[in-house]
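Working notes, structure below.
Protein chains in written order, with this note's numbering: chain W, 1118 to 1228; chain Z, -3 to 113.
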């Protein structure tokens, strides 16, 4: 089953620009997580935001969560070519017992 | 050690073969996962082990057989696979807090790229 839905599906920007990706979900959650995946590789955990949090920062990453709208956004500031990857949101709601991943946003950062 | 290792990196097998995928972590995590990922799709959960016991099986066909010999190792035994089973197979692990594994971040291995001929 799929809960999260990211948009856009693909995003192409120049190095130095900011990248914003959005995630919408359907049911109530305990937490929402963002992961990055370089082409054909494993996923790397970026940030976890709990349902009682509204904003969280980690380095160049900023995540917001709006539980009333059932949506989250991931902002990458001053992007670099190395940020080129697919980004997935994943939600955990207590009744699910597991993370459910969204479809992902493919980010391309051009030098 | 914050790494999840998976072997082999690549595997090509025929539909009559039997093979196994292996996953190992030494972070003391008590939950381990198998995911299947097709190209341009998100990971799909297959199995979850919590404290070495199978806690979730997402209606996976019996040609996939998981095994958790101990808290650090996770295997996926493959038998009589179909070409549509070709995919990237990812292993992950996480802590278990308050009896809830998915409450926490998951650490992923690099995956095994499986091709079934």
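From the three backbone atoms N, C-alpha and C, an ideal C-beta is built for every residue, glycine too.
Item                                                                                                                                : Value
Cβ-based neighbour list, residue 43 of chain Z, same chain, cut-off 6 Å, excluding 5 preceding and 5 following                      : 30, 53 and 62
Neighbour flag for residue 86 of chain Z against chain W, beta carbons, 9 Å                                                         : yes
Nonlocal neighbours in the same chain, by C-beta distance under 6 Å from residue 28 of chain Z, ignoring five residues either side  : 45, 70 and 89
Helix, strand or coil at residue 79 of chain Z [DSSP, three-state]                                                                  : helix
Bridge partner(s) assigned by DSSP for residue 1124 of chain W                                                                      : W:1139
Members of the segment 1170 to 1193 of chain W near chain Z, C-beta cut-off 9 Å                                                     : none
Residues bridged to residue 16 of chain Z [DSSP beta-bridge criterion]                                                              : Z:73
Beta-carbon neighbours of residue 105 of chain Z, restricted to chain W and to distances below 7 Å                                  : 1159
Sufficient close CB pairs (3 or more, under 8 Å) joining the segment 1144 to 1159 of chain W to the segment 1172 to 1191 of chain W : yes
Three CB pairs or more closer than 8 Å across the segment 1182 to 1198 of chain W and the segment 1129 to 1147 of chain W           : yes
Residues of the segment 22 to 55 of chain Z whose Cβ lies closer than 7 Å to any Cβ of chain W, in chain order                      : 38, 39, 41, 44 and 52
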